[in-house]
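In terms of the UniProt record's numbering, the sequence shown opens at residue 1 and continues consecutively.
Each residue gets a CB set at the ideal place from its N, CA and C atoms; glycine is no exception.
Below is one structure, written out as structure tokens; comments come after it.
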Amino acid sequence: MSIIKSHIAQMGAYKPPLEGRDPHDHLLLDFNERTLPVCPSVKQAMIDFIQDDRLQCYPSYGNITAKIAEYCDVDPEQVMITNGSDQGIEMIIRSTCREGEEAIIPGPSFAMYSQVAKVENLKIIEPSFSKETGFPKQKVLDALSDKTRLIVISNPNNPSGTIAPREDILEIAAAAPDAAILVDECYFEYTRKTVADAVDQHPNLLITRTFSKTWGLPSVRLGYVISHAENIRALLNVRGPYDINQLAVVAIDAALSNPGYTERYVKEVMEVSKPLLEAFLNEKGIDYWPSVANFIWTFPDNPNEIEKHLRAHHILIRPKADESGRVGLRINLGNKAQTENLIRTLSQII
Ligand SMILES: Cc1ncc(COP(=O)(O)O)c(C=O)c1O
């Protein structure tokens with residue numbers, strides 16, 4: 001008999017295809033990452049920290065929470081830093097749901113939500129996003145029951161790039177006051193759309209965000225949760241005192257002191273690169289989901305061939321099937337030159 005809980009022993013691991021990814025050898029358009037290095041002051045802050053002989057000390061977080069709260073325009077008591085937003089997602093689900101309760105997770109979506117829900121042995125209900133109407137608000141409302149303890153709103157959703165309107169999120173929060181409404185704002189900097197200002201009005205809202213995407217720091221792992229101060233106080237009982245490493249805090253402190261490098265990148269991606277790729281897809285008649293984020297979910301006739309061709313030309317993208325099993329290609333955008341390179345390479349095969 002396994003000493004591991006049987007439902008966990010029977011699960012599969014969440015294994016993103018990370019093998020062989022090398023930013024010096026590939027154009028990486030497969031993980032929705034920033035495609036350019038971070039600004040020099042962030043790197044220098046990390047080097048200075050190492051040179052200052054502080055690695056032998058346990059991490060202490062100083063005023064980083066207050067600095068993040070200021071960036072988010074919320075109170076420091078409404079923020080908790082986490083080891084990537086993955087840890088925020090995990091802690092929220094672990095702290096709010098009991099075995100056998102129901103989680104509504106519209107799909108397809110980011111794998112981590114259902115992975116954690118499975119670990120907690122929740123019953124997962126998965127209404128589908130649609131290309132025409134985006135977030136399935138009515139299906140979520142229809143799925144509510146007295147066992148609903150979690151509703152995930154990935155906003156914008158990965159891989160579809162669709163966004164749930166603020167009114168829909170608040171309507172769901174009001175309709176399900178006993179459920180945690182996990183709003184994942186991982187791509188916030190691309191949309192500037194948030195419900196962070198509504199956490200006092202709706203204490204069941206728990207928002208996750210990250211420095212992994214636009215800020216270009218997924219390797220150091222720093223995310224945060226925004227919620228009502230009482231929730232944050234309780235979640236801090238669950239998070240370990242050293243879960244976030246000190247180098248992450250040093251890097252993010254420096255990044256927040258120089259947000260211009262992120263803002264310039266977002267502007268180029270959204271105002272130059274995205275229209276370029278959309279124009280190409282339109283010209284070639286390739287179906288795609290309208291996206292508000294830095295990635296586009298496309299449905300060409302020959303996805304496998306295209307993926308292989310790009311890979312042979314050192315460009316990585318990510319196959320992602322829709323609910324019917326049709327394989328699409330999720331392509332994230334880089335800067336103008338990288339997008340032109342992508343389009344040139346795609347033109348050889350489409
Ligand atoms: C929607 C969404 N949420 C969360 C994450 C994970 O972010 P982090 O690196 O902060 O754990 C991702 C990563 O791809 C994502 O797409």
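Beta-carbon gap between residue i and residue j smaller than 8 Å
| i | j | result |
| --- | --- | --- |
| residue 349 | residue 29 | no |
| residue 244 | residue 225 | no |
| residue 180 | residue 150 | yes |
| residue 89 | residue 116 | yes |
| residue 74 | residue 216 | no |
| residue 164 | residue 14 | no |
| residue 341 | residue 27 | yes |
| residue 72 | residue 254 | no |
| residue 252 | residue 64 | yes |
| residue 242 | residue 58 | yes |
| residue 294 | residue 333 | yes |
| residue 277 | residue 343 | yes |
| residue 270 | residue 187 | no |
| residue 214 | residue 162 | no |
| residue 169 | residue 143 | no |
| residue 345 | residue 310 | yes |
| residue 102 | residue 145 | yes |
| residue 185 | residue 157 | no |
| residue 34 | residue 288 | no |
| residue 256 | residue 67 | yes |
For residue i, the residue or residues it bridges with in DSSP
| i | result |
| --- | --- |
| residue 299 | 287 |
| residue 319 | 329 |
| residue 184 | 154, 208 |
| residue 81 | 224 |
| residue 27 | 315 |
| residue 107 | 128 |
| residue 134 | 130 |
Opening and closing residue of the beta strand (DSSP E) in which residue i lies
| i | result |
| --- | --- |
| residue 123 | 123–125 |
| residue 103 | 102–104 |
Residues near residue i by beta carbon distance below 7 Å, same chain, minus five either side
| i | result |
| --- | --- |
| residue 8 | 119 |
| residue 99 | 120, 121 |
| residue 235 | 80, 91, 95, 225 |
| residue 247 | 46, 49, 220 |
| residue 77 | 229, 232 |
Cβ-based neighbour list, residue i, same chain, cut-off 8 Å, excluding 5 preceding and 5 following
| i | result |
| --- | --- |
| residue 25 | 314 |
| residue 136 | 106, 127, 128, 129, 130 |
| residue 84 | 210, 212, 218, 221, 222, 223 |
| residue 320 | 108, 159, 297, 327, 328, 329, 330 |
| residue 172 | 137, 140, 141, 151, 153, 181 |
Min CB distance residue i to chain B below 8 Å
| i | result |
| --- | --- |
| residue 308 | Annotation note: the requested chain B is absent from the structure, which comprises a single protein chain. |
Any non-hydrogen atom of ligand 3 closer than 7 Å to residue i Cβ
| i | result |
| --- | --- |
| residue 184 | In the structure on display, ligand 3 does not appear, and the ligands it does have are ligand 1. |
Unbroken alpha helix (DSSP H) run spanning residue i, endpoints
| i | result |
| --- | --- |
| residue 148 | First-last for residue 148: 148–154, but that is the beta strand (DSSP E), not the alpha helix (DSSP H). |
| residue 91 | 84–96 |
| residue 50 | 40–51 |
| residue 166 | 166–175 |
| residue 7 | 6–9 |
| residue 262 | 260–268 |
| residue 347 | 336–347 |
| residue 253 | 246–256 |
| residue 70 | 64–72 |
| residue 232 | 229–235 |
Neighbourhood of residue i by C-beta, 6 Å cutoff - its chain only, sequence neighbours within 5 removed
| i | result |
| --- | --- |
| residue 335 | 268 |
| residue 286 | 298, 300 |
| residue 227 | 199, 206 |
| residue 203 | 228 |
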